[in-house]
Amino acid sequence: MELYFQFVLSATPAEYEQQMKQGWRRFGYSMFHPVCNGCRACQSLRIPVKEYRPNRSQRRSLQENNDLTLEITSPSVTDEKLELYHRYHLFQSDHRGWQDRAPINSTAYADSFCDNPFDSEEWNFRLDGKLIAVGYVDRLQESLSAIYFYYDPAYRDRSLGTYNVCKIIQAATQAGLKYVYLGYYVQGCQSLEYKAKFRPNEVIDAHGNWVTFHE
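Letter by letter, the sequence shown follows residues 1 to 215 in the numbering used here.
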């Protein structure tokens with residue numbers, strides 16, 4: 001994958017939302033989009049909130065995780081999060097071939113998740129007080145955008161990634177927002193193709209228009 005990057009010192013939620021409508025994403029202060037010649041494998045995907053209907057596994061995930069508490073706060077660095085993040089990446093390295101096995105330090109974590117061009121949200125999921133998952137979400141004028149999510153591998157049978165997306169869709173519905181953006185879908189990539197299971201959904205076509213996606 002080849003990406004075009006822009007580093008922005010500041011931006012408003014409205015400005016970034018316009019960028020997302022054109023297929024851009026952000027991580028910290030870096031905004032990016034794919035620029036691979038002759039390839040459209042990376043497709044921006046969003047969910048029209050009013051049309052969304054959960055499937056059986058998504059409904060089950062909501063039911064099975066109703067014992068979790070969700071705390072929405074401003075992003076911050078703690079030893080608890082650093083340790084959980086590292087264990088998640090070790091698990092993904094062993095099971096999906098991810099290359100990142102080194103522990104992340106507090107500076108790198110802050111650069112990735114806490115230092116942003118506008119206010120962002122940190123979603124902490126706890127079970128009996130224990131932190132088992134963390135997500136980062138942008139709350140924009142018309143949408144919510146999922147930035148990143150990691151979880152405790154010991155609880156992987158709970159389908160926490162699915163649960164996180166379901167909760168974001170619920171929050172967007174309650175706030176009367178139009179869309180939930182999930183980033184890039186890539187067919188055949190196990191870490192990304194799950195996004196198409198949230199239906200109906202839309203992707204950007206070759207002409208820059210958002211169209212209903214057929215997996």
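Each residue gets a CB set at the ideal place from its N, CA and C atoms; glycine is no exception.
Flag this pair as yes or no: are the beta carbons of residue i and residue j separated by less than 7 Å?
{"i": "ASN201", "j": "ILE47", "result": "yes"}
{"i": "PHE118", "j": "PRO13", "result": "yes"}
{"i": "LEU45", "j": "LYS197", "result": "no"}
{"i": "TYR109", "j": "VAL77", "result": "yes"}
{"i": "TRP123", "j": "ILE72", "result": "yes"}
{"i": "ASP138", "j": "SER112", "result": "no"}
{"i": "SER61", "j": "THR173", "result": "no"}
{"i": "LEU140", "j": "GLU17", "result": "yes"}
So, at 8 Å on beta carbons, what are the nonlocal neighbours of residue i in its own chain, with the 5 sequence-adjacent residues on each side left out?
{"i": "ALA206", "result": "ARG40"}
{"i": "ARG87", "result": "ASP152, PRO153"}
{"i": "LEU9", "result": "TYR29, PRO117"}
Out of the options, which one is the CA nearest neighbour of residue i?
{"i": "HIS33", "options": "PHE7, SER57, TYR85, ARG56", "result": "PHE7"}
{"i": "LEU84", "options": "GLU2, LEU131, PHE198", "result": "LEU131"}
{"i": "CYS189", "options": "GLN63, CYS42, THR173, ASP111", "result": "CYS42"}
{"i": "CYS166", "options": "TYR185, PHE213, GLU64", "result": "GLU64"}
{"i": "ASP115", "options": "GLN22, SER57, ARG26", "result": "ARG26"}
{"i": "GLU51", "options": "SER93, ILE169, SER191", "result": "ILE169"}
{"i": "ASP128", "options": "ARG56, LEU70, SER191", "result": "LEU70"}
{"i": "TYR136", "options": "ASP94, LYS81, ARG156", "result": "LYS81"}
Who pairs with residue i in a beta bridge, going by DSSP?
{"i": "VAL180", "result": "ILE47, LEU144"}
{"i": "THR212", "result": "GLU202"}
{"i": "GLN6", "result": "MET31"}
{"i": "ALA133", "result": "PHE125, TYR151"}
{"i": "ILE72", "result": "TRP123"}
{"i": "TYR185", "result": "GLN43"}
{"i": "ASP255", "result": "The structure shown does not extend to residue 255, since the chain is modelled only from 1 to 215, so the question has no answer here."}
Cutting at 6 Å between CB atoms, please list the residues of its own chain near residue i, excluding the five before and the five after it.
{"i": "ALA133", "result": "PHE125, TYR151, LEU160"}
{"i": "CYS36", "result": "GLU2"}
{"i": "PHE91", "result": "PRO153"}
{"i": "PRO103", "result": "HIS86"}
I'd like the list of long-range same chain contacts for residue i, defined as Cβ closer than 7 Å, with 5 residues on each side in sequence excluded.
{"i": "ALA171", "result": "LEU144"}
{"i": "GLU193", "result": "TYR185, VAL186, GLN187"}
{"i": "ALA11", "result": "PRO117, PHE118"}
- Message: Under 8 Å: do the segment 133-145 and the segment 162-180 share three or more Cβ pairs, one atom per stretch?
- Response: yes
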